[in-house]
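Trainee: Residues in the sequence shown are numbered consecutively from 4, following this note's numbering.
Would you mind keeping the following structure in view while I ask a few things?
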Amino acid sequence: MNSPDQRIIVTGGATNIGRAITETFLKRGARVVIGQPEPAVARPLIERYGERVAALPVDVGDPEQCRNFVDAAVAKLGGLDVLVNNAAITGPAVVGSLEGVRAADFDRLVRVNLGGAVFCSQAAAPHLRAAGGGVIIHISSVNAIRPQRGAMLYAATKAGVSSLAQSMGAELAADGIRVVAVAPGDIRTPESEQMAGGAPGSAPLGSGEPGDVGEVVAFLCSPQAKYVTATTWLVDGGWIG
4 MNSPDQRIIV
14 TGGATNIGRA
24 ITETFLKRGA
34 RVVIGQPEPA
44 VARPLIERYG
54 ERVAALPVDV
64 GDPEQCRNFV
74 DAAVAKLGGL
84 DVLVNNAAIT
94 GPAVVGSLEG
104 VRAADFDRLV
114 RVNLGGAVFC
124 SQAAAPHLRA
134 AGGGVIIHIS
144 SVNAIRPQRG
154 AMLYAATKAG
164 VSSLAQSMGA
174 ELAADGIRVV
184 AVAPGDIRTP
194 ESEQMAGGAP
204 GSAPLGSGEP
214 GDVGEVVAFL
224 CSPQAKYVTA
234 TTWLVDGGWI
244 G
């Protein structure tokens, strides 16, 4: 079981899979600070859960904003137990051919999807050490393992996120900090529906819900998962056989 007083940061935690992760923790009694470019999108969560959830602005593609956001979130929470690096560029914005790759798009995608995980984790690590340990979750994708046609760069960034979990998990283990990547498969969100035309196939269990990912993330941040680190957990309904 998760501790009811867990202090959580979730980037991109107000929409889609991020919102499901946020709500899963809130339903267990945790306090959560959400990072969003536009914090106003978290208003429905704040209205529902009150002072146990707050939202702060951040563009995770900017290392300085990552640092400032994490420090501000920790100050609001009074410490930190879990960081969930969920924010990413996805949906139609990542669909395109090799010939269509532009340098500016490449730079932005790598800075947000990969750099956000690096620099938010870098900012969070000292706070987690101060708490005696904790958990960092990177939201990866089945595309890290089985790339989707037309989403080459997105798949590459998610493969990088899974690799980061391995390296960070090994590096931070001595500090009592576990690092795990979670790779969702065909999860029903507005973005996934827009990308469905290029999907590589259907899972044996069909499509999943954002809450399916939230439950796995919460488990991995509980004492029951204390021996899990430096790996990627699939939440894909059997898509990757």
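We treat Cβ as the ideally placed atom computed from N, Cα and C, and that holds for glycine.
Using a Cβ-Cβ cut-off of 6 Å (strictly less than) and excluding sequence neighbours within five positions of Ala-233, which residues of its own chain qualify?
Mentor: Gln-169, Gly-172 and Ala-173
Trainee: Taking three-plus beta-carbon pairs below 8 Å as touching, is the region 222-229 in contact with the region 137-152?
Mentor: yes
Trainee: How would you write the range of the beta strand (DSSP E) that Ala-58 sits in, first residue to last?
Mentor: 56-60
Trainee: By Cβ distance, which residues of its chain are closer than 6 Å to Arg-10, with the 5 residues on each side in sequence left out?
Mentor: Arg-34, Leu-80, Gly-82, Leu-83 and Asp-84
Trainee: Cα-Cα, which of Arg-132, Val-231 and Phe-109 is closest to Val-96?
Mentor: Residue identity check: residue 96 is Ala in the sequence provided, not Val. Cα-wise, what sits closest to Ala-96 is Phe-109.
Trainee: Using the DSSP secondary-structure output, state which residues sit across from His-130 in a beta bridge.
Mentor: Beta-bridge pairing links His-130 to no other residue.
Trainee: Assuming the contact rule is C-beta atoms closer than 8 Å, Ala-3 and Gln-151 should be a hit. Round their C-beta distance to whole Å, please.
Mentor: Since the first residue of the chain shown is 4 and the last is 244, residue 3 is not available in this structure.
Trainee: Exposed or buried, Gly-119, counting other C-beta atoms within 10 Å across all chains shown (16 or more means buried)?
Mentor: buried
Trainee: Looking only at C-alpha atoms, which of Ala-127, Arg-46, Val-87 and Leu-156 sits nearest to Glu-102?
Mentor: Leu-156
Trainee: Going along the chain, which unbroken runs of the alpha helix (DSSP H) with 4 or more residues stay wholly within the region 126-195?
Mentor: 155-175
Trainee: Whole angstroms is fine: what's the gap from Val-164's alpha carbon to Arg-51's?
Mentor: 32 Å
Trainee: Where does the unbroken alpha helix (DSSP H) through Val-77 begin, and where does it stop?
Mentor: 66-80
Trainee: Cutting at 7 Å between CB atoms, please list the residues of its own chain near Leu-59, excluding the five before and the five after it.
Mentor: Val-36, Gly-38, Pro-42, Phe-72, Ala-75 and Ala-76
Trainee: Express the C-alpha separation of Ala-133 and Ser-144 in angstroms, rounding to a whole number.
Mentor: 30 Å
Trainee: If you draw a straight line from the alpha carbon of Val-61 to that of Gln-68, how long is it in whole angstroms?
Mentor: Between the C-alpha atoms of Val-61 and Gln-68 there is a straight-line separation of about 6 Å.
Trainee: I'd like to know whether the C-beta of Gly-172 is nearer than 8 Å to at least one C-beta of chain B.
Mentor: Going by chain labels, chain B is absent from the structure shown, which holds only one protein chain.
Trainee: For Val-87, report the span of its beta strand (DSSP E) as first-last.
Mentor: 85-88
Trainee: Between the beta-carbon of Val-231 and the beta-carbon of Val-185, is there less than 8 Å?
Mentor: no
Trainee: Should Val-87 be labelled buried (16 or more other beta-carbon atoms within 10 Å of its own) or exposed?
Mentor: buried
Trainee: Grab me the residues of Ser-210's own chain with a C-beta within less than 6 Å of its C-beta, minus the 5 sequence neighbours each way, in chain order.
Mentor: Cβ-Cβ distances below 6 Å link Ser-210 to Asp-189 and Arg-191 in the same chain, with the five nearest sequence neighbours on each side left out; the list follows chain order.
Trainee: Quick one: using the 10 Å Cβ neighbour count with 16 as the cut-off for buried, is Gly-21 buried or exposed?
Mentor: That one is buried.
Trainee: What are the residues that DSSP puts in a beta bridge with Thr-235?
Mentor: Ala-184
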